[in-house]
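Residue 68 is where the sequence shown starts when you use the numbering used here, and the numbers rise one by one after that.
Built from N, CA and C at the ideal position, the CB exists for glycine as well.
Working notes, beginning with the structure itself.
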Amino acid sequence: MRVSSPQPATEEGDRTAELLSSVYDLILLHAGRGTLAPGGGTSRGVTTLLRKVFPSLRRILLTRADSLPSEISNAVENLDARGEALALRLPSLSAGLKSGEDFVAAMALCAWRLGNSRLRDEVLEVAERLPAVSLLEALGVGGWPSEAASLVTAALRADAWRRPEDAISPETLAKLARASPRKLEDLRKELSSPPRAPLAEWESAGSVGEFAGFDGHFDEPPLLLDGPETSRNRFWALASNGAFRLDADVYGWSCRADDAAADYKVGEPKTRGFIASLLGAGDDGAPRLAKDGTLTFGGESAKFEEMAGATSYVAREDFVAWTVADSHRIRVRAARAAAV
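Right, here's the structure in full:
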């Protein structure tokens, strides 16, 4: 992290001139692209950022006058319709932060919460370097005690299909300010490694996308591919127009073409064999979904009516995702621990 030191007035003047030049270039760029125009332009987020938000960010913008304006603009534009929500949160995120690097980290954390799911792994790696107040503000729980910061990141790393509000109870929050360091560490460990719930108690975690219709990604209901890096937050799917990677969590999802996944095998529900029945899992030790919607793993079986007739699925020890013939959505059911 770069530590700022007091600057002579002449140097601050130079940085102000550099900032004005950067913002002017940004305005010209967006005006030329039509994202900024007298009538409003095509990006409400960028319009709000440049006209209303940037003036209040002067202090933090001066820390990286040459590059920070464009980084912020890109983050807002990448969120499409949710970009304005990010822009309006930036002034509160900047409070208390001294470096442009920390501001970018807080902005990325907030962008993830607003739906840019590709950022999940990246932002959780750097989240704890932020001041607790900034971290909690970026994740939409700015009123929580600062002691909750490490608990929130632990909970999101362990289960990004669960919001912090569902992982940490109001009763626990009320006691955090008086909790001992040992108690806080015990809570963090409990959130980091929650016990796996029985199959019958796995809950609907959410669904990934609605890819049909205008601007949809898939031209037909997709089939899930069982890739080596498949996880409860990352899937691969196949349609006649190609293979795709999907990143998803409680905050949103994103989809992008991934030709390298074209050789992955479709996860097909099958009739279980005798040996697999004895093992209580698929041939590879993973949970097995039968055609009638019965999920089997680790000596347990549970039948889910919504999975009957699934056209494809992928599963690991803590989740199952599946598709059906009449929908472009990918549905997810996952192990879910009680709030601490």
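{"Query": "Contact between the stretch 156-164 and the stretch 173-187 (3+ Cβ pairs under 8 Å)", "Result": "yes"}
{"Query": "Bridge-paired residues (DSSP) for residue 380", "Result": "389"}
{"Query": "Extent of the continuous beta strand (DSSP E) to which residue 363 belongs", "Result": "361-364"}
{"Query": "Alpha-carbon spacing of residue 275 relative to residue 375, whole angstroms", "Result": "19 Å"}
{"Query": "Residue 323: first and last residue of the uninterrupted beta strand (DSSP E) it sits in", "Result": "319-324"}
{"Query": "Separation of residue 111 from residue 332, as counted between CA atoms", "Result": "42 Å"}
{"Query": "Rounded C-alpha distance that separates residue 329 from residue 310", "Result": "5 Å"}
{"Query": "Supposed contact pair residue 214 and residue 243 - C-beta distance, whole angstroms, cut 8 Å", "Result": "4 Å"}
{"Query": "Counted within 10 angstroms of its Cβ, other Cβ atoms place residue 210 as buried (16 or more) or exposed", "Result": "exposed"}
{"Query": "Backbone secondary structure at residue 253 - three-state DSSP", "Result": "helix"}
{"Query": "Beta-carbon spacing of residue 379, residue 291 below 8 Å", "Result": "yes"}
{"Query": "Where residue 342 sits in the DSSP three-state scheme", "Result": "At residue 342 the pLDDT is 49, less than 50, meaning the model places this residue with poor confidence and gives no usable figure here."}
{"Query": "C-alpha gap between residue 368 and residue 267, whole angstroms", "Result": "8 Å"}
{"Query": "Check whether residue 155 and residue 140 have beta carbons under 8 Å apart", "Result": "no"}
{"Query": "Bounding residues of the alpha helix (DSSP H) (the contiguous stretch that carries residue 293)", "Result": "No alpha helix (DSSP H) holds residue 293; the beta strand (DSSP E) holding it covers 290-293."}
{"Query": "Assigned exposure category for residue 194 - 16 Cβ within 10 Å defines buried", "Result": "buried"}
{"Query": "In DSSP terms, what residue 196 is bridged to", "Result": "In DSSP, residue 196 forms no bridge with anything."}
{"Query": "Chain-order list of residues whose beta-carbon lies under 8 Å from that of residue 202 (same chain, five-residue window excluded)", "Result": "173, 176, 194, 195, 216, 219 and 220"}
{"Query": "For residue 207 and residue 322, the rounded distance between their alpha carbons", "Result": "24 Å"}
{"Query": "Residue 167, enclosing alpha helix (DSSP H) - first and last residue", "Result": "167-180"}
{"Query": "Residue 302 - DSSP class collapsed to helix/strand/coil", "Result": "strand"}
{"Query": "Residue 392 versus 287, 204, 192 and 382, residue with shortest Cα-Cα distance", "Result": "287"}
{"Query": "Of the residues 396, 262, 249 and 401, the one placed nearest residue 320, counting alpha carbons only", "Result": "396"}
{"Query": "Option in 366, 372 and 295 with minimal Cα separation from residue 334", "Result": "295"}
{"Query": "Same chain only: Cβ atoms within 6 Å of residue 361, ignoring 5 sequence neighbours per side", "Result": "368 and 370"}
{"Query": "8 Å CB neighbourhood of residue 359 in its chain, flanking five on each side removed", "Result": "370 and 375"}
{"Query": "Contact belief for residue 272 with residue 382 at Cβ below 8 Å, rounded distance in angstroms", "Result": "Between residue 382 and residue 272 the Cβ distance is about 13 Å, and since that is not below 8 Å, they are no contact."}
{"Query": "Contacting residues, own chain, Cβ-Cβ under 8 Å from residue 249 (five flanking each side not counted)", "Result": "none"}
{"Query": "Alpha carbon of residue 399 to alpha carbon of residue 317, nearest angstrom", "Result": "11 Å"}
{"Query": "Close Cβ partners of residue 300 (< 7 Å) along its chain, the five nearest in sequence each way excluded", "Result": "187, 227, 314, 315 and 316"}
{"Query": "Opening and closing residue of the alpha helix (DSSP H) in which residue 399 lies", "Result": "Unbroken run through residue 399 is the beta strand (DSSP E), 397-401; no alpha helix (DSSP H)."}
{"Query": "Per-residue burial, residue 89 [other beta carbons within 10 Å of its own, 16 or more giving buried]", "Result": "buried"}
{"Query": "Buried versus exposed, by CB contacts within 10 Å (16 or more), residue 169", "Result": "buried"}
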